[in-house]
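Colleague: Below are the structure tokens for one structure; questions will follow.
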Amino acid sequence: MFALMNAPGIIIAIDGYSSTGKSTFARLVASALGYIYVDTGALYRGVTLLALRKSFIDTAGEVTEESLKEELKVVKFEFRFSEVAGRSELFLNGECVEREIRSLEVSGSVSIIARIGFVRNYVDEILHELGRRKGVVMDGRDIGTVVFPNAELKLFMTARPEVRARRRFDEMVQAGESPVFEDILRNVNERDKIDQNRDIAPLRQAPDAILLDNSEMTIEQQLEWLGKILEERWNLKLK
Ligand code: DC
């Protein structure tokens, strides 16, 4: 008898607007399938942290691109799984930078870094390497359109701007901040505009991506919805 080979797994590309819960959803899906989860935004954040630390971004938001390009030739980014956190964390030259890449300073500069062509190529190379072994869930803005245009399954996540702003508002209140709802809503709309209108790899729904509008859905409903698709098409079960 031939031993049953393990299915090689598929690539699931999850793109979409900010604050649609992509990473929470992607992480749960990966864990339910025993797949690797890759937070691609973390790499753009990591390169931004590097640029800030080396003072390659000035106060006007100008980037010393040549220096950053040289630096990227010698640094090492890697994801390592943390048993304590129960998730992968980003390391820069052996240092865990997971917390720092989520800081306001990095969040404020990441869109400047994410629109630089050689930065995108650099990140894409890492992502291609991670996607080679299949059995991967990646979330980002251009995974199904640019990074893995042949991904077996592409999802595009959206929700009404008011719903996304409300989620961010609630998160900030929980973190002890006192946000103004209208400011957050304006920021959500501005980020949409920047993400959709940049020259390289703008945020777009791939023609073959399935739209998931989770404005009125709980996370359990989203998982149930995806579970049906995975089972019907690939006989994959979420555990
Ligand atoms: O998902 P996030 O907020 O961590 O993403 C951080 C930034 O990186 C955000 O400005 C969008 C950008 N990004 C991108 O351009 N392409 C990706 N595949 C992922 C993130």
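Number 245 marks the last residue of the sequence shown (my numbering); no jumps.
A virtual CB, placed ideally from N, CA and C, is assigned to each residue, including glycine.
Cα-Cα, which of Tyr50, Glu230 and Arg59 is closest to leucine 96?
Modeller: With respect to the C-alpha of leucine 96, the residue from Tyr50, Glu230 and Arg59 having the closest C-alpha is Tyr50.
Colleague: Report the partner residues of threonine 164 according to the DSSP bridge assignment.
Modeller: Asp219
Colleague: If you count every other CB in all the chains shown that lies within 10 Å of the CB of glycine 150, and 16 or more means buried, which is it?
Modeller: buried
Colleague: Can you tell me the Cα-Cα spacing of alanine 181 and phenylalanine 175, whole angstroms?
Modeller: So the two alpha carbons sit approximately 10 Å from each other.
Colleague: Should glutamine 228 be labelled buried (16 or more other beta-carbon atoms within 10 Å of its own) or exposed?
Modeller: buried
Colleague: Judging by CA-CA distance, which residue of Phe187, Val53, Asp145 and Gly141 is the nearest neighbour of serine 73?
Modeller: Val53
Colleague: What residue from Arg126, Ser37 and Leu58 has the CA that sits closest to isoleucine 206's CA?
Modeller: Arg126
Colleague: List the whole-angstrom C-beta distance separating lysine 60 from phenylalanine 124, where the pair is believed to meet the contact cut-off of C-beta under 8 Å.
Modeller: Contact doesn't hold; Cβ gap of about 16 Å is too wide.
Colleague: Out of curiosity, what's the CA-to-CA distance linking phenylalanine 62 and glutamate 106?
Modeller: Near 17 Å, if we compare the C-alpha coordinates of glutamate 106 and phenylalanine 62.
Colleague: Keeping to the same chain, check which residues put their C-beta closer than 7 Å to that of aspartate 219; ignore five residues upstream and five downstream.
Modeller: Thr164 and Ala165
Colleague: Less than 8 Å between the CB of threonine 46 and some heavy atom of ligand 1, yes or no?
Modeller: yes
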